[in-house]
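Chemist: Before I ask anything, let me first share the structure, which is written out below as structure tokens.
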Amino acid sequence: MDRKEYLKRLEREHEKIRRLFRELEPIMDSCIVDDPAGIKDKVERLKKTLVEHVRGEDELFYSELRKRAVELKQDALLPALDLFIEEMRRITSRAEEFFKDYSTPEDIAERQGDFSMKLKNLEVEVLKRIESEEKSLFYIYRAYFID
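First residue of the sequence shown? That's 1292 in my numbering, and the numbers climb one at a time after it.
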């Protein structure tokens, strides 16, 4: 596997997630959903992207980082990695709950204000996580596998 290309792929996925949230900004700002079916389609694209991205990170990115830290006897890094992994599980759980709660256009239309607020909370949480990964773990990954 070309790890440099893998990391670039993760960065592209992060940008796609940011873009999908930006497409939903008007709803988050106004709390008004004029087209529940159209919004549901956008939310489904976001869900699909997030699920695939998180699965890929769990299966490869985090497991490789943790394994390499153990190999290099960098025990001080392990608690931080474990914290990142556990935090991602919590974010994933809350995201799954959000997507379950708003699984139909009717769910979105009936609870527009709640939908907008919870979507905004999810956006803040996910984007904060992405920024944290890019500003810390990506550098560690590069040092371990690329540089």
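We treat Cβ as the ideally placed atom computed from N, Cα and C, and that holds for glycine.
#1: Taking residue 1378 as the reference, give the member of 1416, 1309 and 1390 with the closest Cα.
#2: From this set, 1365, 1321, 1320 and 1380, which residue's C-alpha is nearest residue 1348's C-alpha?
#3: Helix, strand or coil for residue 1323, going by three-state DSSP, please let me know.
#4: Specify, as a first and last residue, the run of the alpha helix (DSSP H) that residue 1437 falls within.
#5: As a quick exercise: from 1313, 1361, 1386 and 1332, pick the residue whose alpha carbon is nearest that of residue 1342.
#6: Determine contact between the stretch 1297-1316 and the stretch 1327-1337, defined as no fewer than three beta-carbon pairs at a distance below 8 Å.
#7: If you measure between the beta carbons of residue 1413 and residue 1375, is that distance less than 8 Å?
#8: Could you give the first and the last residue of the continuous alpha helix (DSSP H) run that contains residue 1379?
#9: Between the C-alpha atoms of residue 1372 and residue 1296, what's the straight-line distance to the nearest angstrom?
#10: Identify the continuous alpha helix (DSSP H) that holds residue 1410 and give its terminal residues.
Modeler: According to the structure shown:
#1: 1416
#2: 1380
#3: coil
#4: Neither: residue 1437 is in no alpha helix (DSSP H) and is coded neither H nor E.
#5: 1386
#6: yes
#7: no
#8: 1369-1392
#9: 22 Å
#10: 1403-1423
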